[in-house]
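Residue 8 is where the sequence shown starts when you use the working numbering, and the numbers rise one by one after that. Don't be surprised by glycine CBs; every beta carbon is placed ideally from N, CA and C. On a predicted model such as this, the values are computed, not experimentally measured, just so you know.
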Amino acid sequence: MIRRMATDARTATNPTPEFPAFPDTFLWGVSTSAHQIEGAVDEREPSVWDVFTAEPGRVKDGSTAAVACDHYHRYREDVALLAGLGVDAYRFSVSWPRAVFAGGRGLDFYDRLVDELCAAGVRPVPTLFHWDLPVTLDWLDRDTAARFAEYVSVVAERLGDRVTKWITLNEPAEHTLLGHALGAHAPGRQLLFDALPVAHHQLLAHGLAVRALRAAGASDIGIANSHGPTWPASQDSADVAAADFYDVLLNQLFADPVLLGEYPAGIGELMPGDVEADLKVIAEPVDWYGINYYAPTRVGAPQGTEIEFGGLTMPADLPFSVRQIEGVPVTDFGWPVVPEALTELLTGFRERYGDRLPPVVITENGCSYEGIDDQDRIAYLDGHVRALHRALAAGVDVRGYFVWSLLDNFEWAEGYARRFGLVHVDRETLERTPKASYAWFRDLLRAQR
Ligand code: BGC
Numbered sequence: 008m009i010r011r012m013a014t015d016a017r018t019a020t021n022p023t024p025e026f027p028a029f030p031d032t033f034l035w036g037v038s039t040s041a042h043q044i045e046g047a048v049d050e051r052e053p054s055v056w057d058v059f060t061a062e063p064g065r066v067k068d069g070s071t072a073a074v075a076c077d078h079y080h081r082y083r084e085d086v087a088l089l090a091g092l093g094v095d096a097y098r099f100s101v102s103w104p105r106a107v108f109a110g111g112r113g114l115d116f117y118d119r120l121v122d123e124l125c126a127a128g129v130r131p132v133p134t135l136f137h138w139d140l141p142v143t144l145d146w147l148d149r150d151t152a153a154r155f156a157e158y159v160s161v162v163a164e165r166l167g168d169r170v171t172k173w174i175t176l177n178e179p180a181e182h183t184l185l186g187h188a189l190g191a192h193a194p195g196r197q198l199l200f201d202a203l204p205v206a207h208h209q210l211l212a213h214g215l216a217v218r219a220l221r222a223a224g225a226s227d228i229g230i231a232n233s234h235g236p237t238w239p240a241s242q243d244s245a246d247v248a249a250a251d252f253y254d255v256l257l258n259q260l261f262a263d264p265v266l267l268g269e270y271p272a273g274i275g276e277l278m279p280g281d282v283e284a285d286l287k288v289i290a291e292p293v294d295w296y297g298i299n300y301y302a303p304t305r306v307g308a309p310q311g312t313e314i315e316f317g318g319l320t321m322p323a324d325l326p327f328s329v330r331q332i333e334g335v336p337v338t339d340f341g342w343p344v345v346p347e348a349l350t351e352l353l354t355g356f357r358e359r360y361g362d363r364l365p366p367v368v369i370t371e372n373g374c375s376y377e378g379i380d381d382q383d384r385i386a387y388l389d390g391h392v393r394a395l396h397r398a399l400a401a402g403v404d405v406r407g408y409f410v411w412s413l414l415d416n417f418e419w420a421e422g423y424a425r426r427f428g429l430v431h432v433d434r435e436t437l438e439r440t441p442k443a444s445y446a447w448f449r450d451l452l453r454a455q456r
């Protein structure tokens, strides 16, 4: 049962009624991912995350996503929450290990979910890979890209009569860096720069998926890449060089191949296979480009010590070191809150990619804070939506904004310790309670119409 919003603070909290107007066609939404909310682990094949979470010490609170928010069984209640919020669209992910379960019968769940969304007037926007790789597969193998395209064809065949907007991959950068280079996420490898083939194979999978979706008649396809401005710790040449390198790794390595059909200088030769031929596939035109934005990163020269930052341990031998950004608020996760960096990011993208940049959609933006009267989250979202409007006013073609996330969920290696939801989920009862930020976002959307 959805608990009624109990206090006045939760029903009328829009502190900013005079919000700037966005275009009528602007797409407002919220995002989630399968592994983080669905649960129902017995009704899918295992993923690399199931194996990873079973290993002691991998997830900070020792939890697993076996139940998560039990969205698999409570999706009707969650769609009602989306309808109450008044969003145009809902970005969720299809679990590959569920899609292949029981000879494809696992896809029945997404059939039901999509029907429920359509009946509620909320546009379904599935992401086809959000890190929960079937345990039998490995992104170090090139063949995984081909397997992905086959799976995408099956999903498109099944849902394509009702789904028109698609996202191929979520954040191949984080899946490479956290999962394969640093070992903080599944599958827990610490390959450092030997993880680069994982990036290439995911990008190839993206390109092949675009082709598979087009073959199934889709005409509204994007990718959700994570990006953020990289700021040098100082103007010293060693700091500037380290920051430039970090910028290549996080931003250019994943955007250039998709948007320009090339890797940044020095990267292509580190990738496996016939890179030139693969780049033609990777650069298969997308209809829009999704950006997940949370925070900028301040980067300096290596300091020769391990660094703890935002829940991550970074080894001493990396060619850069991440530094605190002084003088700004931080979220409960310790991530800096810098809304104007979103404007900087978007105008920077337009400068770098020019006409090669298709319309942009912010596919994730949000923050972790405790509490149901979450004024800090409202302040974060308020600042970022305004920053987005400034990018629009500066001429960046932004077409949508999705808040991460609808529900407090399984936050990967942090377990349930980080709460990103507009809706609070009680860990014992799984009861949903809309937070103050839910009412704020609902009021913002109403005011925009
Ligand atoms: C991911 C989400 C994650 C969020 C907050 C993004 O990197 O796509 O799955 O929960 O950030 O950490």
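#1: Who are the near neighbours of L353 in its chain, counting only those whose CB is closer than 7 angstroms to its CB and skipping five residues on each side?
#2: May I ask you to list the residues that DSSP assigns as paired with Y296?
#3: Let me check one thing: in DSSP terms, what residues is E377 bridge-paired to?
#4: Using the rule of at least 16 other Cβ atoms within 10 Å of the residue's Cβ for burial, across every protein chain shown, is F200 buried or exposed?
#5: Please report the residue range of the alpha helix (DSSP H) in which F155 lies.
#6: Can you tell me the Cα-Cα spacing of H207 and L277, whole angstroms?
#7: Using 8 angstroms as the threshold, is the C-beta distance between V162 and A106 below it?
#8: If we count the other Cβ atoms within 10 Å of its Cβ and call it buried at 16 or more, is G128 buried or exposed?
#9: May I ask you to check if the CB of Q43 is nearer than 7 angstroms to at least one heavy atom of the ligand BGC?
#10: Please report how far the alpha carbon of G390 lies from the alpha carbon of A401, in whole angstroms.
#11: Would S375 and T320 be called neighbours here (beta carbons separated by less than 8 angstroms)?
#12: Hey, would you say the C-beta of E377 is under 7 angstroms away from at least one heavy atom of the ligand BGC?
#13: Starting from the N-terminal side, write out each stretch of the alpha helix (DSSP H) that is 4 residues or longer and does not extend beyond the region 422 to 454.
#14: Going along the chain, which residues of its own chain have a beta-carbon closer than 6 angstroms to the beta-carbon of S328, five neighbours each way excluded?
#15: Roughly how many angstroms lie between the CA atoms of L414 and D243, to the nearest whole one?
#16: Alpha helix (DSSP H) containing R81: first to last residue?
#17: So for N258, helix, strand or coil by DSSP?
#18: Can you look up E315 in the DSSP assignment and give me helix, strand or coil?
#19: Please report the residue range of the alpha helix (DSSP H) in which W103 lies.
#20: Going by DSSP, name the residue or residues bridged to N177.
#21: Between W6 and Y301, how many whole angstroms is the CB-CB distance? I'm expecting something under 8 angstroms.
#22: Helix, strand or coil for R11 per DSSP?
#23: Where does T436 land, buried or exposed, given buried means 16+ other C-beta within 10 angstroms?
#24: Leaving out five residues on either side along the sequence, give the residues of the same chain with a beta carbon under 8 angstroms from the beta carbon of G422.
#25: Ignoring anything shorter than 3 residues, give me the beta strand (DSSP E) runs that lie fully in the region 110 to 145, in order along the chain.
#26: Whole angstroms are fine: how far does the CA of E351 sit from the CA of A386?
#27: Between V170 and A216, how many whole angstroms is the CB-CB distance? I'm expecting something under 8 angstroms.
#28: Taking 8 angstroms as the cut-off, decide whether the C-beta atoms of W146 and V205 are in contact.
#29: Count the CB pairs spanning the region 73 to 86 and the region 31 to 48 that are closer than 8 angstroms, and state whether there are at least three.
#30: Is S233 a contact residue of the ligand BGC, with contact defined as CB to any heavy atom under 7 angstroms?
#31: What does DSSP give as the partner residues of L34 in its beta bridges?
#32: Could you say if the region 437 to 450 and the region 111 to 125 meet the contact criterion of at least three C-beta pairs nearer than 8 angstroms?
#33: Using only the alpha-carbon positions, how far apart do L88 and T39 sit?
#34: What are the start and end residues of the beta strand (DSSP E) that includes G307?
#35: Skipping 5 residues on each side, what residues in its chain have a beta carbon closer than 7 angstroms to that of E347?
#36: Using a Cβ-Cβ cutoff of less than 6 angstroms, which residues in the same chain neighbour L210 once the five nearest sequence positions on both sides are dropped?
Per the coordinate set shown:
#1: For the purposes of this step, residue 353 is identified with residue 346 of the sequence shown, where counting begins at 1. Taken in chain order, the residues that qualify are V367, A398, V403 and V405.
#2: Within the sequence shown, numbered from 1, the residue matching residue 296 stands at position 289. DSSP lists V367 as partners of Y296.
#3: To locate residue 377, count along the sequence shown from 1; it is residue 370. Answer is none; E377 lacks a bridge partner.
#4: Within the sequence shown, residue 200 is the residue found at index 193, counting from 1. Classification of F200: exposed, given that the 10 Å Cβ count is below 16.
#5: For the purposes of this step, residue 155 is identified with residue 148 of the sequence shown, where counting begins at 1. From DSSP, the alpha helix (DSSP H) with F155 extends over D150 to L166.
#6: Counting from 1 along the sequence shown, the entry for residue 207 is found at position 200. Counting from 1 along the sequence shown, the entry for residue 277 is found at position 270. About 10 angstroms.
#7: As a first step, residue 162 is located in the sequence shown; it is residue number 155 there, counting from the start. As a first step, residue 106 is located in the sequence shown; it is residue number 99 there, counting from the start. Result yes, Cβ atoms of V162 and A106 sit closer than 8 angstroms.
#8: What you label residue 128 is simply residue 121 of the sequence shown in a count that begins at 1. Counting Cβ neighbours within 10 Å, G128 comes out exposed, since fewer than 16 surround it.
#9: Here residue 43 corresponds to residue number 36 of the sequence shown, with the count starting at 1. Q43 Cβ: within cutoff of the ligand BGC.
#10: Walking along the sequence shown from the start, residue 390 turns up at place 383. Walking along the sequence shown from the start, residue 401 turns up at place 394. Rounded to the nearest angstrom, the two C-alpha atoms are 17 angstroms apart.
#11: Taking the first residue of the sequence shown as position 1, residue 375 is located at position 368. Taking the first residue of the sequence shown as position 1, residue 320 is located at position 313. No, the pair does not count as a contact, with Cβ atoms beyond the cut-off.
#12: Taking the first residue of the sequence shown as position 1, residue 377 is located at position 370. No, the beta carbon of E377 sits no closer than 7 angstroms to any heavy atom of the ligand BGC.
#13: 443 to 454
#14: Here the question's residue 328 lines up with position 321 in the sequence shown. Correct list, in chain order: G307, P309, Q310 and I314.
#15: Against the sequence shown, residue 414 aligns to sequence position 407. Against the sequence shown, residue 243 aligns to sequence position 236. Each residue's alpha carbon lies about 43 angstroms from the other.
#16: Locating residue 81 in the sequence shown gives position 74, where the first residue counts as 1. Boundaries of the alpha helix (DSSP H) harbouring R81: H78 to L92, taken from the DSSP string.
#17: Along the sequence shown, one-based indexing puts residue 258 at 251. Here N258 sits in helix by DSSP.
#18: Position 308 of the sequence shown, counting from 1, holds the residue named residue 315. Here E315 sits in strand by DSSP.
#19: Counting from 1 along the sequence shown, the entry for residue 103 is found at position 96. It spans W103 to A106 - the alpha helix (DSSP H) in which W103 sits, taken as one unbroken run.
#20: On the sequence shown, residue 177 is found 170 positions in, with the first residue counted as 1. In DSSP, N177 forms a bridge with A231.
#21: The shown model of the chain, from 8 to 456, leaves out residue 6, and the question about it has no answer.
#22: As a first step, residue 11 must be located in the sequence shown, where it is residue number 4. Low per-residue confidence applies at R11: pLDDT is 39, beneath 50, and the placement is therefore not dependable enough to give any value.
#23: Looking up residue 436 in the sequence shown gives position 429. When all chains shown are included, T436 counts as exposed.
#24: Stepping through the sequence shown from its first residue, residue 422 is reached at position 415. Correct list, in chain order: V66, K67, D68, G69 and S70.
#25: 130 to 136
#26: Residue numbering aside, residue 386 sits at position 379 when the sequence shown is read from its first letter. Residue numbering aside, residue 351 sits at position 344 when the sequence shown is read from its first letter. About 19 angstroms.
#27: What you label residue 170 is simply residue 163 of the sequence shown in a count that begins at 1. What you label residue 216 is simply residue 209 of the sequence shown in a count that begins at 1. Actually they do not touch by this definition, with Cβ atoms about 14 angstroms apart.
#28: Here the question's residue 146 lines up with position 139 in the sequence shown. Here the question's residue 205 lines up with position 198 in the sequence shown. Yes, the pair counts as a contact, with Cβ atoms nearer than the cut-off.
#29: yes
#30: Here the question's residue 233 lines up with position 226 in the sequence shown. Yes, the Cβ of S233 comes within 7 angstroms of a heavy atom of the ligand BGC.
#31: Sequence index remark: in the sequence shown, residue 34 carries index 27 (1-based). For L34, which the question treats as bridged, DSSP gives the partners G407.
#32: Under the Cβ criterion (8 angstroms, minimum of three pairs), the region 437 to 450 does not count as touching the region 111 to 125.
#33: The residue you call residue 88 lines up with position 81 of the sequence shown. The residue you call residue 39 lines up with position 32 of the sequence shown. L88 and T39: Cα-Cα distance of roughly 13 angstroms.
#34: The residue you call residue 307 lines up with position 300 of the sequence shown. G307 -> beta strand (DSSP E) spans T304 to G307.
#35: The sequence position of residue 347 within the sequence shown is 340, counting from 1. Cβ contact annotation for E347 (same chain, cutoff 7 angstroms, sequence separation greater than five): A394, in chain order.
#36: As a first step, residue 210 must be located in the sequence shown, where it is residue number 203. So the qualifying residues of the chain are P264 and I289.
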